[in-house]
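Residue numbers (our numbering), protein chains in the order written: chain W, 1 to 375; chain G, 1 to 375.
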């Protein structure tokens, strides 16, 4: 397979703490319901999983936001629950209610049945990665992703989304042995899943710990962080072309644990939601590490509140500048590594976002961050 | 009015950083649906507001948990939305959906109509405070409460609970002038409301900033913290009997802003959810203040995950010890002030909690914290 050379490597460089001309930007859930063209494709696909499991549709919607906005990365269009679905838990989408598993994992027998799924069951995902990579033709890098072991477990044990995480926390506090077993299986499955995405052409990988922030201090480190670390420990460092594959970990609500993540995760970039000041986060990353490591976080990703996109254009631009100012002047030394910044939302974009507002955000990030570098 | 002397002042002392024999404990939402006797009273009352607006019922349910558990404080049974209801927004409770306002506040005209309500419309709350205080007969102190200006505004603008706070954040980012006006009215209303509770006999007051944690860094300080500070600036320091009335502020998801709260809030105690390590929080409070103040936080309240109560008794007790150990050995110098600790949940107790499990928590907190002090 011969692929076109990458024309825009800002995102990859920033993840690795290398200097860039402007601050790169992409948006979590950038291919999604706020785009009328996405809604059209989804209507043709018939259902969400019909969309996610069809290589052509997945390729089409992944590229849609790039046609509208000068974004600096693409992210695989897929569902966060593909791995537990491949484990045989029976994923379905109930209209207006979100995902549901037919077989929630709540007792010893159900836990004992869990195993790392045959990656062949996830072939449709890897085929989509290869197809998207080809369709991108080197415009921007492609990010692969997975839910974190803890986040997948939340859905597997709750059986659906949850407001209080009562079932999984009951399992965790009452039967930590079973909880650890679920998380071990998940971690090993996620590692295989991400490595296969890298083999198929993903140029960066991201672990979404969307529900890590619901855990108590102490429980987060034991039941989420430790298993994200276990995933990272098994990941390939380079793709088929020999290029380094940056790793990003995003923990919603994880600002308080940034120092823990920085010490324990072999990743390149840490994603933050909007509750954490980026300047304060940068200071955490700039502190000398407790121990030298091959891979340690050297970049931050985030963190504007997606609700800013409901405001008028001038307010959106002002808030974008505020986030860039919070991070501070990016380093510009081409020969050195520093702390990189990838601009993003602090959470997925809302389906109610006016698409034209996104253009103002992307434009302001590029324009203002260029001025910041000029000093 | 002559009231019985207080027999258990642990809670009030701990709020003020004074030494106590054991760590006092009470539970957010301790009078609630997890208690069968509460469900019985509510059935007799016919509806939630029928319960909250009737002095006899409110008194009855406030005292119910004290009959079961040796708790160290009682908290007024009331609804968090009484103040916006008194503003004429038309509160109702839709079965299975929670509170709804008929008139959501979303435009300039609606904001212009807002005013501090006549406190006579809230007479039923103050009557309940007086009745509960009398019924308590000095067993434990009574805490009065209100939602924070920001949290009340969330309900007023969204019109109901929300998953994404889209409407209020749109107002905040698009029309900050209107948002500030809503918050000013709310702050002044909340201050009058809490002062009237103190006049009626509340021995401590608590501000629940349940939704402060959904704000971005920067927005939290401008739109939540500043208005909680405005409330505190207007509060009476002592009750009718001349006793100091401790002030507690609880911000769900506010751990990252603890230093800001500590510098800017004229309160005695800061409540924390379970994401923050109590030892780390104690260190924040122990740092020398930037400027000397009459009232500054000298106590922490929290912070066990309420889901721990679904675990078996031995696990509940182990987690209780873990939270007490995180705070560390309490100070025991009767002549000095230090950092106090009031044990609590990090959020309201779940309606699904087995009541008998609560007894294990309360017992372990008292027993283990006594041992911690001894040794």
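C-beta atoms are modelled at their ideal positions from N, C-alpha and C, and glycine is treated no differently.
Contacts that residue i makes with chain W (C-beta to C-beta distance below 8 Å)
i, result
"residue 312 of chain G", "174"
Alpha helix (DSSP H) segment containing residue i, residue limits
i, result
"residue 313 of chain G", "313-327"
"residue 195 of chain W", "176-200"
"residue 347 of chain G", "Neither: residue 347 of chain G is in no alpha helix (DSSP H) and is coded neither H nor E."
"residue 50 of chain G", "48-52"
"residue 134 of chain W", "123-136"
"residue 264 of chain G", "258-264"
"residue 278 of chain W", "278-286"
"residue 220 of chain G", "Residue 220 of chain G -> no alpha helix (DSSP H), and no H or E assigned at all."
"residue 59 of chain W", "55-68"
"residue 269 of chain G", "Unbroken run through residue 269 of chain G is the beta strand (DSSP E), 269-271; no alpha helix (DSSP H)."
"residue 86 of chain W", "82-86"
Contacting residues, own chain, Cβ-Cβ under 8 Å from residue i (five flanking each side not counted)
i, result
"residue 99 of chain W", "79, 81, 91, 92, 93, 155, 160 and 161"
"residue 340 of chain G", "13, 14, 15, 16, 17, 18, 20, 269, 298, 299, 300 and 330"
"residue 253 of chain G", "212, 213, 214, 273 and 275"
"residue 56 of chain G", "131"
Nearest candidate by alpha-carbon position, reference residue i, set the options
i, options, result
"residue 272 of chain W", "W/286, W/263, W/257 and W/266", "W/257"
"residue 174 of chain G", "W/314, W/72, W/337 and W/140", "W/314"
"residue 6 of chain W", "W/266, W/111 and W/142", "W/142"
"residue 111 of chain W", "W/274, W/153 and W/233", "W/153"
"residue 333 of chain G", "G/345, G/294, G/343 and G/374", "G/374"
"residue 120 of chain G", "G/279, G/181 and G/197", "G/197"
"residue 327 of chain W", "W/248, W/67 and W/277", "W/277"
"residue 35 of chain G", "G/59, G/53 and G/64", "G/64"
"residue 186 of chain G", "G/68, G/52, G/11 and G/116", "G/116"
"residue 102 of chain W", "W/84, W/247, W/136 and W/310", "W/84"
"residue 247 of chain W", "W/30, W/195, W/219 and W/283", "W/195"
"residue 118 of chain G", "G/3, G/234 and G/188", "G/188"
"residue 165 of chain G", "W/10, W/210 and W/308", "W/308"
"residue 356 of chain G", "G/176, G/30, G/48 and G/3", "G/30"
"residue 96 of chain G", "G/48, G/262 and G/52", "G/48"
"residue 208 of chain G", "G/146, G/361 and G/294", "G/146"
"residue 267 of chain G", "G/320, G/177, G/204 and G/282", "G/204"
"residue 321 of chain G", "G/70, G/225 and G/370", "G/370"
"residue 235 of chain G", "G/206, G/262 and G/217", "G/206"
Contact set between residue i and chain G, taken where Cβ atoms lie within less than 9 Å
i, result
"residue 170 of chain W", "307, 310 and 311"
"residue 352 of chain W", "164 and 166"
7 Å Cβ cut-off: residues of chain G touching residue i
i, result
"residue 98 of chain W", "Going along chain G, no residue has its Cβ under 7 Å from residue 98 of chain W, so there is no contact; the nearest lies around 11 Å."
Same chain, Cβ closer than 7 Å to residue i, neighbours up to 5 away in sequence not counted
i, result
"residue 223 of chain G", "150, 172, 179, 183 and 215"
"residue 372 of chain G", "324, 329 and 330"
"residue 106 of chain G", "157, 167 and 171"
"residue 199 of chain W", "240"
"residue 139 of chain G", "7, 8 and 66"
"residue 33 of chain G", "39 and 351"
"residue 265 of chain W", "228, 229, 232, 249 and 297"
"residue 59 of chain G", "128, 131, 132 and 135"
Cross-chain neighbours of residue i in chain W, by beta carbon under 7 Å
i, result
"residue 256 of chain G", "255, 256, 275 and 276"
Listed by chain order, chain G residues near residue i by CB distance under 8 Å
i, result
"residue 322 of chain W", "218"
"residue 319 of chain W", "173"
"residue 315 of chain W", "173 and 174"
Other residues of its chain near residue i: CB distance less than 6 Å, five sequence neighbours each side excluded
i, result
"residue 275 of chain W", "255"
"residue 343 of chain W", "23, 25 and 365"
"residue 104 of chain W", "159"
"residue 61 of chain W", "31, 38, 41 and 77"
"residue 361 of chain W", "316 and 320"
Neighbouring residues, chain W, relative to residue i (Cβ below 9 Å)
i, result
"residue 32 of chain G", "Simply none; closest approach about 14 Å."
"residue 213 of chain G", "253 and 275"
Run of the beta strand (DSSP E) containing residue i, from where it starts to where it stops
i, result
"residue 141 of chain G", "It is not in any beta strand (DSSP E) - residue 141 of chain G carries neither H nor E in the DSSP assignment."
"residue 209 of chain W", "204-209"
"residue 233 of chain W", "Residue 233 of chain W -> not in any beta strand (DSSP E); alpha helix (DSSP H) instead, spanning 226-233."
"residue 94 of chain G", "91-94"
"residue 299 of chain G", "299-304"
Any non-hydrogen atom of the ligand PLP within 7 Å of residue i CB
i, result
"residue 108 of chain G", "Summarising the ligand content, the structure contains no ligands, and the ligand PLP is consequently not present."
**Item:** the region 59-78 of chain G / the region 110-129 of chain G touching (three or more Cβ pairs under 8 Å)
**Value:** A contact between stretches requires three or more CB pairs, one per stretch, nearer than 8 Å, and the region 59-78 of chain G meets this requirement with the region 110-129 of chain G.
**Asked** Any chance the region 17-27 of chain G sits against the region 356-366 of chain G, with 3 or more Cβ pairs inside 8 Å?
**Response** Yes, since at least three Cβ pairs between the region 17-27 of chain G and the region 356-366 of chain G fall closer than 8 Å, the two stretches touch.
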